[in-house]
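To keep things clear, I will list the structure first and then write my remarks on it.
In this note's numbering, the protein residues as written are 71 to 533.
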């Protein structure tokens, strides 16, 4: 028996959002920055305008669809009528099915083994990956930048003519003709002006253009020296130098890892092996995993709203012992002394003997480095915090609040200053929270590193 041929085309949607094509691609053989391994596409049938979202796991498909649905329905004032996808597990989950029924969206699932019926999404994924390989083959960026290249490819594909539509997808989707004047060659080098620089420092630094941010008007740049991504309004793009430079095109091996499907004979054979091995389980010793254990990749990284990762300085100590042994111990100790001086000047506590029947709560030092726009450390901050989680609501305290200024009052002051042409000065009140008053007595142990011999064994009482 042979497979029946696929002939004819389906009926085309007559309005925007009448039919949305979707597909998940991945996992890729190389992780993108921020740990992305998958991406999901949503393509409008009428305009062929497409959205793309990077994902770390397939299970994020539902959240990405919610994000897409809320955005497009709010922008166009219309509702999605139908969603066409394959029979991937991410589309067959109970939560996904309940969401579609709740919103009145018809789910159009392709039969098993027929990706041709979801051809628009399949061809979109193939086109995007081919564009990514071509873009990256001309650049010197690591292959982990394929996520930024993919978003740039989707951004470009929406603004170029297509055989499927008479106008560009962007024009049908928005009703406006797209402007191409701001578009640059992906992966080219560019000089970006420093936001703040002294007279003797360079006015700009060389970066690499990697995309267009969705949230603001500008460009995404990558600084190789600091291994940091940032957004800038503009820059001096070296496109001519990029095109004229003679470089060998790289072979980019970016492919989707195909998961092997198990056929029925293989299932029967596997079940027999399991039955045979199950009889020997009691005699076999327990096997310990030899996998190297390490912290998840998200630790030590700052993830932005765009999904990009910026390396965070890991020199901040976690405990007092780490502070004393760190290379910047003097600066950290000075920050702690400044905190203790502020506590003393504001008469925050009083040293007393520990009363009977009361167990004082502990405290902890929290250390933080404050950096400027270029990543240089400006301030070392040490804050003493009480372990309030040891207190019980209704027994140790009734309510918690902080004294803050009302926005109405600030607006009134700014309006008066603008009307009378007054000068406005801004100041930072250090330890402003110390001005609050406590009605209850709070007993806390003395902070580590600031316990003297004559005061050993005493507790602090917050006033």
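No residue lacks a Cβ here, since even glycine has one placed at the ideal position from N, Cα and C. Predicted, not measured: the structure shown is a model, and the values here were computed from it.
Can you tell me where the beta strand (DSSP E) holding residue i begins and where it ends?
i: residue 276; result: 274-281
i: residue 402; result: Careful: residue 402 lies outside any beta strand (DSSP E), inside the alpha helix (DSSP H) at 399-415.
i: residue 300; result: 298-302
i: residue 441; result: 433-441
i: residue 452; result: 447-456
i: residue 291; result: 289-293
i: residue 314; result: No beta strand (DSSP E) contains residue 314, which is instead part of the alpha helix (DSSP H) from 309-314.
i: residue 217; result: From DSSP, residue 217 is part of no beta strand (DSSP E) but of the alpha helix (DSSP H) over 216-227.
Taking buried to mean at least 16 other C-beta atoms within 10 Å of its own C-beta, is residue i buried or exposed?
i: residue 153; result: buried
i: residue 91; result: buried
i: residue 514; result: buried
i: residue 191; result: buried
i: residue 416; result: exposed
i: residue 123; result: buried
i: residue 147; result: exposed
i: residue 409; result: buried
i: residue 215; result: buried
i: residue 542; result: Here the chain comprises residues numbered 71 to 533, so residue 542 is not present and cannot be evaluated.
i: residue 224; result: buried
i: residue 243; result: buried
i: residue 297; result: exposed
i: residue 508; result: exposed
Using a Cβ-Cβ cutoff of less than 6 Å, which residues in the same chain neighbour residue i once the five nearest sequence positions on both sides are dropped?
i: residue 533; result: A caution first: residue 533 carries a pLDDT of 47, below 50, which makes its placement in the model unreliable, though a value can still be read off. Same-chain partners within the cutoff: there are none.
i: residue 256; result: 205 and 222
i: residue 367; result: Unreliable placement is indicated for residue 367, whose pLDDT of 47 sits below 50; no coordinate value is reported for it.
i: residue 406; result: 452
i: residue 519; result: 390
i: residue 218; result: 280 and 281
i: residue 369; result: With a pLDDT of 45 at residue 369, under the threshold of 50, the predicted position of this residue should be treated as unreliable, and no value is reported.
i: residue 83; result: 89, 115 and 116
i: residue 387; result: 393, 396 and 437
i: residue 99; result: 325 and 327
Over what stretch of residues does the alpha helix (DSSP H) that includes residue i continue unbroken?
i: residue 419; result: Here residue 419 belongs to no alpha helix (DSSP H); instead the beta strand (DSSP E) covers 419-422.
i: residue 478; result: 477-490
i: residue 189; result: 189-207
i: residue 394; result: 390-395
i: residue 114; result: No alpha helix (DSSP H) contains residue 114, which is instead part of the beta strand (DSSP E) from 108-114.
i: residue 179; result: Per DSSP, residue 179 belongs to no alpha helix (DSSP H); it is in the beta strand (DSSP E), 176-179.
i: residue 244; result: 239-244
i: residue 166; result: 164-173
For residue i, which residues of its own chain have a beta-carbon under 7 Å away from its beta-carbon, when the five flanking residues on both sides are left out?
i: residue 462; result: none
i: residue 228; result: 119, 120, 239 and 240
i: residue 165; result: 132
i: residue 276; result: 259 and 261
i: residue 423; result: 528
i: residue 94; result: 108, 110, 128, 131, 158 and 160
i: residue 168; result: none
i: residue 155; result: 92, 93, 161, 179 and 188
i: residue 203; result: 322 and 324
i: residue 400; result: none
i: residue 96; result: 107, 108, 109 and 326
What are the partner residues of residue i, as DSSP defines its beta bridges?
i: residue 326; result: 98
i: residue 89; result: 152
i: residue 474; result: None, per the DSSP bridge assignment.
i: residue 259; result: 278
i: residue 124; result: 109
i: residue 142; result: For residue 142, which the question treats as bridged, DSSP gives no partner whatsoever.
Is any non-hydrogen atom of the ligand FAD found closer than 7 Å to the C-beta of residue i, if you look at the structure I gave you?
i: residue 415; result: The model on display carries no ligand, and the ligand FAD is accordingly not part of it.
Here's a check: name, in chain order, each residue in its chain whose Cβ is nearer than 8 Å to the Cβ of residue i, leaving out the five neighbours to either side.
i: residue 485; result: none
Check whether the segment 123-134 and the segment 155-165 touch, using three or more Cβ-Cβ pairs below 8 Å as the test.
yes
For the 8 Å Cβ check, are there 3 or more pairs between the segment 429-442 and the segment 452-460?
yes
Measuring CB atoms only, is the segment 106-117 touching the segment 167-183, in the sense that at least three cross pairs come out at less than 8 Å?
no
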